[in-house]
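Below is one structure, written out as structure tokens; the observations come after it.
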Amino acid sequence: MSSEVAALDHAGVHVAGFVLTMAGIIATSAGLTLLSGDPVTLVAFVLLMTAVEIQVRAVEEPYLPHAHGSAYRDYAARVGRFLPGIGCGRS
-7 MSSEVAALDH
3 AGVHVAGFVL
13 TMAGIIATSA
23 GLTLLSGDPV
33 TLVAFVLLMT
43 AVEIQVRAVE
53 EPYLPHAHGS
63 AYRDYAARVG
73 RFLPGIGCGR
83 S
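Below, the structure written as structure tokens:
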């Protein structure tokens, strides 16, 4: 396993949200769930939401303060988790 740490990207689109890729996946899945109207699709959407929350909260967010220190904590205090302004102030 590599010990290389990527630089904290806090410019460009990352000014708006921390995990924009996950936000896009959630938005697309929500739209497809609404279009299908199928109960199985609804269950799949709930499972996806659960998996994304676990990935972000239990894997990514604990790692980033360790890797980037106060720079990440300052960034997390002003940027939303999935959408601008929503989820600010997490540590």
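-7 is the number of the first residue of the sequence shown in this note's numbering; add one for each residue after it.
We treat Cβ as the ideally placed atom computed from N, Cα and C, and that holds for glycine.
Exercise. Mapping DSSP to helix, strand and coil, what is residue 29?
Worked result: As a first step, residue 29 must be located in the sequence shown, where it is residue number 37. DSSP places residue 29 in coil when its eight states are reduced to three.
Exercise. Does the separation of the CB atoms of residue 45 and residue 68 fall below 9 Å?
Worked result: Taking the first residue of the sequence shown as 1, we reach residue 45 at position 53. Taking the first residue of the sequence shown as 1, we reach residue 68 at position 76. No, they are not a contact pair.
For this session: Let me know the secondary structure DSSP gives residue 61 once reduced to three states.
Result: Reading the sequence shown from its first residue, position 69 is the one you call residue 61. Residue 61 falls in the coil class under three-state DSSP.
Exercise. Can you check whether the CB of residue 48 is closer than 9 Å to the CB of residue 140?
Worked result: Outside the shown range of the chain, which is -7 to 83, sits residue 140, and nothing can be said about it.
Exercise. Is the beta carbon of residue 25 less than 9 Å from the beta carbon of residue 36?
Worked result: Taking the first residue of the sequence shown as 1, we reach residue 25 at position 33. Taking the first residue of the sequence shown as 1, we reach residue 36 at position 44. Contact: yes.
Problem set entry | Alpha-carbon spacing of residue 60 relative to residue 50, whole angstroms | Translated into the one-based positions of the sequence shown, residue 60 becomes position 68. Translated into the one-based positions of the sequence shown, residue 50 becomes position 58. Approximately 17 Å, taken between the alpha carbons.
Problem set entry | Exposure label - residue 64; buried when at least 16 CB within 10 Å | Translated into the one-based positions of the sequence shown, residue 64 becomes position 72. The residue in question, residue 64, is buried, as its Cβ has 16 or more Cβ neighbours within 10 Å.
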